[in-house]
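Working notes, structure below.
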Amino acid sequence: ETEFPETTVTVDNRTGNDAWAEMRERLYSIDWTTGRRALGEELYTKKQCNQCHNGRNAVGPNLAGVTNRFSQQDLMEAIVNPHKDVSSRYRSTLITTVEGKTYNGIIIYESIDGLLLRDTSHRTIRIEADDIEFRKQLDKSLMPENLLKDCTDQQLADLYAYIKDLGK
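Quick note on the numbering used here: the sequence shown kicks off at 3 and runs consecutively.
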């Protein structure tokens, strides 16, 4: 009979990740009222958030008015840990074709004949149903992990100030 080591409980039971628990503590300690919108917009552009969250070709959710739907804490947690609670609408799909090509993106249209997949480079890829060898919807978002890892507390407050004003 195989013996397994005892399971240890980490600080954050939802993710099982001590680093994430530290980040959550950090988010709670930030003074969000000090955010400067203009600097947040610069960071939004620098981190290329606009590539996935703006325009009709967006593969991520529209962030206009997002602060009316989510608390500041929940929103920032979703940005810092994008794979935690991913809506099925934004889960990426991994597809391998019979030719051995692999694609990862969001399905934007599907019929019995095939599908259209949009990737993070805003390419729309048409894949015929007969060409699909393997397909799996992942539990992950296309949003990269650790996107804000190198940001200061002030930069996070600035980013939140900018996002808060989107759609106004």
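We treat Cβ as the ideally placed atom computed from N, Cα and C, and that holds for glycine.
request  = In angstroms with no decimal places, state the Cα-to-Cα distance between residue 170 and residue 67.
outcome  = 8 Å
inquiry  = Under DSSP, the alpha helix (DSSP H) around residue 52 begins and ends at which residues?
reply    = 52-55
query = Is the region 93-107 in contact with the region 29-44, if contact means three or more CB pairs nearer than 8 Å?
reply = no
request  = Reducing DSSP to helix, strand and coil, say where residue 48 ends up.
outcome  = helix
task = Assign residue 83 to buried or exposed, taking buried as 16 or more other Cβ atoms, counted over all protein chains shown, within 10 Å of its Cβ.
result = buried
request  = Go through the region 67-154 residue by residue and report every complete run of the beta strand (DSSP E) that reaches 3 residues or more, in order.
outcome  = 93-99, 104-113, 116-120, 126-130 and 134-143
key: Local Cβ density within 10 Å of residue 40, reported as buried at 16 or more and exposed below that   = exposed
message = Using 8 Å for Cβ pairs, my map puts residue 45 next to residue 157. What's the rounded Cβ distance?
response = 6 Å
request  = Put residue 62 into one of helix, strand or coil per three-state DSSP.
outcome  = coil
query = With burial defined as no fewer than 16 other Cβ atoms inside 10 Å of the residue's Cβ, what is the status of residue 28: buried or exposed?
reply = exposed
Buried versus exposed, by CB contacts within 10 Å (16 or more), residue 164 = buried
message = Considering only the alpha carbon of each residue, which of 159, 146 and 132 lies closest to residue 61?
response = 146
request  = Please say whether residue 57 and residue 161 have beta carbons closer to each other than 9 Å?
outcome  = no
key: Local conformation of residue 39 per DSSP, three classes   = helix
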